[in-house]
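Peer 1: Residue numbers (the working numbering): 5 to 614. Here it is, the structure in full.
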Amino acid sequence: MHLWLTKATNIALRRQTPSLSSAHFQIPEIQVFFLYTKGVNHYFTEIGGILILAAALAVLVRLFRLPPLIGYIATGLVLGPLGFNYIKSGGELLETLTQIGIAFLLFLVGLELDWVKAKNVFKAASFLAVTQAIGYFAAGMVLAMLTHQSFLTGVYLGAALSFASTVVVIKFLSEARDLNSLHGRLAIGILLVEDIIAIIALVLISGLSGASALDLGQQIFLLLVKTAAMLTLIWTMSQYIFPLLFAKLAKSSEILFVSSIAWCFLFAITMEKFDFPIEIGAFLAGISLAALPYSLEIITRLRSLRDFFLILFFVGLGAHLVLPVGQYALLTIGLTILAVLVKPVISFLTLTANKYRSRTAFLTAVTQSQISEFSLILITLGVRQGQVSAEISSAVTFTMVASVFFSTILFGHRNALYRLLRKPLTSLERHSHDHHEHVTAEIEERLTDHIVIFGYHRMGYHILKKLHQLHHRTVVVDFNPEIISKLRSVGIDCVYGDVEDDEIFDAIHMERASMVVSTIPHHEETLFLIEQIKKKNPKVKLIVTAHEIDYALAYYAKGADYVILPHLLGGEHVADLITQYQTHSLGRYMRHRAEEVKLLRAKNHTLYFD
Numbered sequence: 005m006h007l008w009l010t011k012a013t014n015i016a017l018r019r020q021t022p023s024l025s026s027a028h029f030q031i032p033e034i035q036v037f038f039l040y041t042k043g044v045n046h047y048f049t050e051i052g053g054i055l056i057l058a059a060a061l062a063v064l065v066r067l068f069r070l071p072p073l074i075g076y077i078a079t080g081l082v083l084g085p086l087g088f089n090y091i092k093s094g095g096e097l098l099e100t101l102t103q104i105g106i107a108f109l110l111f112l113v114g115l116e117l118d119w120v121k122a123k124n125v126f127k128a129a130s131f132l133a134v135t136q137a138i139g140y141f142a143a144g145m146v147l148a149m150l151t152h153q154s155f156l157t158g159v160y161l162g163a164a165l166s167f168a169s170t171v172v173v174i175k176f177l178s179e180a181r182d183l184n185s186l187h188g189r190l191a192i193g194i195l196l197v198e199d200i201i202a203i204i205a206l207v208l209i210s211g212l213s214g215a216s217a218l219d220l221g222q223q224i225f226l227l228l229v230k231t232a233a234m235l236t237l238i239w240t241m242s243q244y245i246f247p248l249l250f251a252k253l254a255k256s257s258e259i260l261f262v263s264s265i266a267w268c269f270l271f272a273i274t275m276e277k278f279d280f281p282i283e284i285g286a287f288l289a290g291i292s293l294a295a296l297p298y299s300l301e302i303i304t305r306l307r308s309l310r311d312f313f314l315i316l317f318f319v320g321l322g323a324h325l326v327l328p329v330g331q332y333a334l335l336t337i338g339l340t341i342l343a344v345l346v347k348p349v350i351s352f353l354t355l356t357a358n359k360y361r362s363r364t365a366f367l368t369a370v371t372q373s374q375i376s377e378f379s380l381i382l383i384t385l386g387v388r389q390g391q392v393s394a395e396i397s398s399a400v401t402f403t404m405v406a407s408v409f410f411s412t413i414l415f416g417h418r419n420a421l422y423r424l425l426r427k428p429l430t431s432l433e434r435h436s437h438d439h440h441e442h443v444t445a446e447i448e449e450r451l452t453d454h455i456v457i458f459g460y461h462r463m464g465y466h467i468l469k470k471l472h473q474l475h476h477r478t479v480v481v482d483f484n485p486e487i488i489s490k491l492r493s494v495g496i497d498c499v500y501g502d503v504e505d506d507e508i509f510d511a512i513h514m515e516r517a518s519m520v521v522s523t524i525p526h527h528e529e530t531l532f533l534i535e536q537i538k539k540k541n542p543k544v545k546l547i548v549t550a551h552e553i554d555y556a557l558a559y560y561a562k563g564a565d566y567v568i569l570p571h572l573l574g575g576e577h578v579a580d581l582i583t584q585y586q587t588h589s590l591g592r593y594m595r596h597r598a599e600e601v602k603l604l605r606a607k608n609h610t611l612y613f614d
């Protein structure tokens, strides 16, 4: 069984895509480009042309405040069969490069995964993923019935809708710096469970190809045995082999970088030989290195490389688009509506029914508004076995591209959408949810002339520590229930809450606060926070955080008293160290190096305390 995404998808597309005459689509600009690049390696020419147009369209869509990802997909549409049919000889090379991008993406996700946090949310994510998948599957079956498709086609459509795109969602979350948020970890947990379900579904479909029930059972048993063997191998190497091996390799940053990439490819290829997707192999390879003290350096070096290959992935996605015709156009519209609108609704209702706050549920649900690469593989296998038609494959392919396009827009405006829909969404909450903020009477008595800290992680830790040393009354507001539970266990006044929830300002008596310090990095949330705080308490001293100078200037214009710019403060700190070195007092800092390294390693986790 071959689970290579691009190969499988391309086979189905070749079967259904009519031959197109490139001469019919030629325009003067394209002809000029070919003339200009005459004599240059054709692979180099085509990949170069793709990147040039991708850069131009990415800049163009940014002018309309849209994510660059839309520009990359548009590049594929322009250069693919629906456009100028420019991607021809370089198509196979493009597919290979996009697969490398997916492997690097999941390798980095594995490297950044905090297993302690992941396992805490995995149980909830497993239940949510299965529950949502049942709802998605039922929606696909209903659509098949309404469009007069066969029962077997309905099964395939329901299964295709049951998975969201791991590549797209992780890119969303990483760019928004939400990977470690509660909704980010929920989304990733749900995706991982969906990927496992997809692998099992692919095994079942492959087994239906002339296999007896006993053969199918044997295949499933063999899959479980191979999975257990691979996980045992990963655990053994990460615990006993890699700490010793990489301690030697890390003496050279270049060798460390190359060796980590080599391990990613080696394990991914090994997994593929045992009928697992390369993407899952890359993810597990990353997990095996996540506990190493050198993982941060590997992550930093790999990010730019990953982004380059992922650009080609989204270009290839647009280039594979084929327009459905006739009665299948209506089916495609229905599938797109289900993916973009109905799936998030099902996800939201499932999450709120499981006692999650409306904002957590909404932000998690928005990430589910597209279908997965595994959906294309699933349909492709159905085409191979003659169980679904090529037209159905065309409809699913178009739905994936369209859903990724609209999902990108939804995610980019998720906070504005939540503010618009907050009242009806909040009314759907179960009021007995586990993570409701509360302020005890004892805490409420102390909330006078107090200091509020929004966001405990990283900078908030140091701020709270210093304020306690100075004996200031403080209260922490955070959106992570694990942090709240831990803070309460050590006697720190804190409230579980969302900065975009008006009730939180009343709960912490903002009108009586003397100072507010926010370490929240998100631009829209910070603007909302400044506006609300200045309304409720114009005299309060307000300190916020920005990662860009333009944002800092905007915050000052809105009324912030001081804006923390971490990179500028870091530069000033280094300058102070250099100054003190010239006065022969740097040794005092060097003597505390061990404590500093210990603190940095601790701060790699969500919770850290003295």
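Note that beta-carbon positions come from the ideal geometry of N, C-alpha and C, so glycine has one too.
From V392 to I104, what does the alpha carbon distance come to, in whole angstroms?
Peer 2: If you take the alpha carbons of V392 and I104, they lie about 29 Å apart.
Peer 1: Tell me Y2's beta-bridge partners as DSSP assigns them.
Peer 2: Summary: the structure shown does not reach residue 2, with the chain confined to residues 5 through 614, and so no result is reported for it.
Peer 1: Helix or strand or just coil, what does DSSP make of F280?
Peer 2: Three-state DSSP puts F280 in coil, outside helix and strand.
Peer 1: Report the three-state DSSP secondary structure of S489 (helix, strand or coil).
Peer 2: Note: S489 maps to helix in three-state DSSP.
Peer 1: Note down, in chain order, each residue of its chain lying with its Cβ closer than 7 Å to the Cβ of T356, except the 5 sequence neighbours on either side.
Peer 2: Excluding residues within five positions, the ones whose Cβ falls inside 7 Å are S362, A365, L432, E433 and R434.
Peer 1: Determine, using beta carbons only, whether F278 and M234 come nearer to each other than 9 Å.
Peer 2: Result yes, Cβ atoms of F278 and M234 sit closer than 9 Å.
Peer 1: Does the distance from the CB of I383 to the CB of T401 come in under 9 Å?
Peer 2: It is a contact, given that the beta carbons lie within the stated cut-off.
Peer 1: Can you tell me which of the three DSSP states T549 falls into?
Peer 2: DSSP places T549 in strand when its eight states are reduced to three.
Peer 1: Please name the residue in A517, G464, A163 and A556 whose C-alpha comes closest to that of A385.
Peer 2: Going by the sequence as given, residue 385 is Leu instead of Ala. Among A517, G464, A163 and A556, the Cα nearest to that of L385 belongs to A163.
Peer 1: From which residue to which residue does the alpha helix (DSSP H) around I63 run?
Peer 2: Checking the sequence shown, residue 63 turns out to be Val, not Ile. Note, V63: alpha helix (DSSP H), H46 to L67.
Peer 1: On the DSSP letters alone, give me the boundaries of the alpha helix (DSSP H) that Y615 sits inside.
Peer 2: What is shown of the chain runs 5 to 614, which leaves residue 615 out entirely.
Peer 1: Contact between the stretch 487-501 and the stretch 543-559 is defined here as three or more beta-carbon pairs at a separation below 8 Å; is this criterion met?
Peer 2: Judged by Cβ distances under 8 Å, the stretch 487-501 makes no contact with the stretch 543-559, as fewer than three pairs qualify.
Peer 1: Which residues in the same chain have their Cβ closer than 8 Å to the Cβ of H524, if we skip the five residues on either side of it in sequence?
Peer 2: First, the residue type needs correcting, since residue 524 is Ile and not His in the sequence shown. Excluding residues within five positions, the ones whose Cβ falls inside 8 Å are F458, G459, V503, T530, L533, V548 and T549.
Peer 1: So, under 8 Å CB-CB, L314 and T403 are touching, yes? Tell me the CB distance rounded to an integer number of Å.
Peer 2: That pair is no contact at about 21 Å.
Peer 1: Check whether the stretch 294-308 touches the stretch 254-272, taking contact to mean three or more Cβ pairs, one atom from each stretch, closer than 8 Å.
Peer 2: Judged by Cβ distances under 8 Å, the stretch 294-308 makes contact with the stretch 254-272, as three or more pairs qualify.
Peer 1: Return the CA-CA distance between L376 and H454, expressed in angstroms with no decimal places.
Peer 2: Per the sequence presented here, residue 376 reads as Ser, with Leu not at that position. The alpha-carbon atoms of S376 and H454 are separated by roughly 48 Å.
Peer 1: On the CB-based measure, 16 or more other CB atoms within 10 Å of its CB, does Y244 come out buried or exposed?
Peer 2: Classification for Y244: exposed.
Peer 1: For H324 and L86, what's the separation of their Cα atoms in angstroms?
Peer 2: So the two alpha carbons sit approximately 9 Å from each other.
Peer 1: Looking at T336: is its Cβ nearer than 9 Å to the Cβ of S398?
Peer 2: It is a contact, given that the beta carbons lie within the stated cut-off.
Peer 1: Answer with buried or exposed for F225, where buried requires no fewer than 16 other C-beta atoms within 10 angstroms of its C-beta.
Peer 2: By the 10 Å Cβ count, F225 comes out exposed.
Peer 1: Within the chosen definition, does the stretch 558-569 reach the stretch 536-546 through at least 3 CB pairs nearer than 8 Å?
Peer 2: Result yes; three or more Cβ-Cβ pairs closer than 8 Å.
Peer 1: With M463 as the anchor, note down where its beta strand (DSSP E) starts and where it stops.
Peer 2: Looking at the DSSP string, M463 is not in any beta strand (DSSP E); the run it does join, the alpha helix (DSSP H), is M463 to Q473.
Peer 1: For F155 and Q389, what's the separation of their Cα atoms in angstroms?
Peer 2: Using only the alpha carbons, I get a separation of about 16 Å.
Peer 1: Residue range of the alpha helix (DSSP H) that S522 falls in?
Peer 2: Taken as a continuous stretch (DSSP letters only), S522 belongs to no alpha helix (DSSP H), being part of the beta strand (DSSP E) at M519 to S522.
Peer 1: When the distance is taken between beta carbons, is I54 closer than 9 Å to V408?
Peer 2: Result no, Cβ atoms of V408 and I54 do not sit closer than 9 Å.
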